[in-house]
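Trainee: Residue numbers (my numbering): 4 to 280.
We put the CB at the ideal spot given by N, CA and C, even for glycine.
Predicted model only: the values in this text are computed from it and were never measured.
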Amino acid sequence: MASNSYRGRLAPSPTGLLHLGHAQTFWTAAERAARHGGTLILRNEDLDPQRSRPEFASAMIEDLRWLGLRWNEGPDCGGPHPPYSQNQRRSLYLEAWRKLRDSGVLYPCTCSRKDLAQAASAPNDVDDEPLYPGTCRGRMDASSFQHPAGENWRFRVPEGEGVCFEDLRLGHQAFIAGRDFGDFIIWRRDDVPAYQLAVVVDDAEMQITEVVRGADLLKSTARQILIYRALGIEPPQFYHCDLVRDESGVRLAKRHDALSVRRLRESGWTSEQVVRA
Ligand code: GLU
């Protein structure tokens, strides 16, 4: 029985097979939850209907089990439980969209991909999205929209303001809104809530006290801190893990099939070797 108020989570997206990088991040998350005598939650981040597949969700559970990970809440835990799949939690995201709309930090954006490619400045960081130049800021009255569907909705970042946090592994982190990242999408035109919004709503609602994730998401953490602020919610603590790279230094992605947990296991690796590689 969990003795402590620590609540951590594993939040994989079923858009491909888990790879070595996921395995190590999730292992760290589980280890930290265990060390604190806390609760670990598995949340299926299956919001994107084009990219999420049920067969990847089952593969991910099987791979996590094979790695030796155990969780206390979420899919495959037995018994009645609240929904731990994001596609069953839309009403919570919608409620947050309404709050943010009412507080004036959102605006609908009608820019096409082509507009964006022409106008946006390149990011400093190759892994990141281009800075949105704010073309649609103030163009339409957000309060006249009863529902987000049909437009991309962006969060207006406080231009030039610092967003800082103490990472539990990396120490002090500081980003400047409008320079390190621009106005970001929180709801998609095809009526899919964006990762940034869903993850904040879920981490808050599931009372997560510590988020363990890959260092590729440091800037996303800064974006999310702005959402927490706008919703008036205290953010959790953050622990960003080192990224695993392939032999040419490229950060692992789902396309690195050969380094997926599944393939490594088939080629004879033990779970111990996978998490320590
Ligand atoms: N589903 C996200 C991913 O797999 C979760 C990231 C996070 O930990 O917030 O990248």
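#1: Rounded to whole angstroms, what is the Cα-Cα separation between residue 76 and residue 43?
#2: Cα separation between residue 33 and residue 118?
#3: Excluding the five sequence neighbours on either side, which residues of its own chain have a C-beta within less than 7 Å of the C-beta of residue 226, listed in chain order?
#4: How would you label residue 279, buried or exposed, when you count the other beta carbons within 10 angstroms and need 16 or more for buried?
#5: So is the beta-carbon of residue 14 under 7 Å away from any non-hydrogen atom of the ligand SAM?
#6: Quick check: what's the CA-CA separation for residue 56 versus residue 87?
#7: In the DSSP assignment, find the unbroken alpha helix (DSSP H) run with residue 93 in it and report its ends.
#8: For residue 21, collect the residues of the same chain with a Cβ closer than 7 Å to its Cβ; drop the 5 residues on either side in sequence, then sort them by chain order.
#9: Do you know offhand how far residue 196's Cα is from residue 272's?
#10: If we require 4 or more residues per run, which alpha helix (DSSP H) segments fall completely within the region 106-191?
#11: Classify residue 89: buried if its beta carbon has 16 or more other beta carbons within 10 angstroms, exposed otherwise.
#12: Taking the straight line between their C-alpha atoms, what separation do you get for residue 268 and residue 69?
#13: Could you tell me the distance, in whole angstroms, from the CA atom of residue 208 to the CA atom of residue 254?
#14: Return the chain-ordered ranges of every alpha helix (DSSP H) run that is complete within the region 197-246 and spans a minimum of 4 residues.
#15: With a cut-off of 8 Å on the beta carbons, I'd call residue 47 and residue 78 a contact; round off their distance for me.
#16: Give the secondary structure of residue 39 by DSSP, where H, G and I count as helix, E and B as strand, and everything else as coil.
#17: So what does DSSP say about residue 279, is it helix, strand or coil?
#18: Report whether the distance from the Cβ of residue 220 to the nearest heavy atom of the ligand GLU is below 7 Å.
#19: Which one of 11, 251, 54 has the shortest CA to CA distance from residue 35?
#20: Between residue 152 and residue 104, how many whole angstroms is the CB-CB distance? I'm expecting something under 8 Å.
Mentor: The short version:
#1: 7 Å
#2: 43 Å
#3: 184, 187, 199
#4: exposed
#5: Here the bound small molecules are the ligand GLU; the ligand SAM is not part of this structure.
#6: 16 Å
#7: 93-105
#8: 15, 63, 66, 263, 264
#9: 38 Å
#10: 116-122
#11: buried
#12: 9 Å
#13: 31 Å
#14: 198-208, 221-234
#15: 6 Å
#16: coil
#17: helix
#18: yes
#19: 11
#20: Not a contact, Cβ separation roughly 13 Å.
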